[in-house]
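Once you know that position 54 of the sequence shown is 54 in full-length UniProt numbering, the rest is easy, because the numbers rise by one and skip nothing.
From the three backbone atoms N, C-alpha and C, an ideal C-beta is built for every residue, glycine too.
Just so you know, these numbers come straight off a predicted model, no measurement behind them.
Notes follow the structure.
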Amino acid sequence: MAVRRLNHAVLYVNGLAREVEFYTATLGFQVRMEIPGQAAFLRAPDSANDHDLGLFEIGTGHADGRPKVGLYHLAWEVGTLADLVETRKRLVDAGALVGESDHRLSKSLYAKDPSGIEFEVLWRVPVADWESELARDGGFTVPLDWDRTLSRWDPNLKTGAAANSPT
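As structure tokens, this is what we get:
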């Protein structure tokens, strides 16, 4: 298994509309999806990625148990589902796996490194399947169903950077 590239970054912010305006005006990001007052997912110009930057609103002030403004997580991309399965085993063996999610356009593992920093490892769904994946019932993020996923796509199917996607 080899990580192919950094796929996206997610930030906790305290002023979602202000942040969206900043990244669209200064860096040319385009809003891909927005949950008003809660989150926004932005795509860089000419990117073929679903999103390159996620912004999560946390409000002002800070209370114990709530996140602070700053980095939420980085997401590393692998090339095949077989790579994701192998990575899952390694993370479980290390006691680092903390979650698994089906984000429709990606299948994701969440883990924490020894310092407690959260990160994501994902496999990108083929672009040709994005529309049908988004049309499925059950919300945008659901628990990862490994049986469904592995029966739908060849575990060795290369996507994203592994398939020479520019992003």
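Pro155 and Trp123 have their C-alpha atoms spaced approximately 10 Å apart. With respect to the 7 Å criterion, Ala161 and Arg4 are classified as neighbours on the basis of their beta carbons. Contact between Glu133 and Leu105 is confirmed by a C-beta separation of about 6 Å, below the 8 Å threshold. Annotation: the segment 67–153 contains the following complete segments of the alpha helix (DSSP H) (minimum length 4 residues), in chain order: 81–93, 130–134, 146–152. According to the DSSP secondary-structure assignment, Arg43 is paired through a beta bridge with Gln30.
In this structure Lys107 is buried. Its beta-carbon is surrounded by 16 or more other beta-carbon atoms within 10 angstroms.
Straight through space, the alpha carbons of Leu27 and Val142 are spaced by roughly 31 Å.
The shortest CA-to-CA distance from Asp83 to any of Glu34, Phe22, Leu109 is the one to Leu109. His8: member of the beta strand (DSSP E) spanning 3–13, first to last residue.
Of the other Cβ atoms in all chains shown, 16 or more fall within 10 Å of the Cβ of Gly54; this residue is therefore buried. Around Arg88, the same chain offers Leu109 as residues with beta carbons nearer than 6 Å, after the five sequence neighbours per side are excluded.
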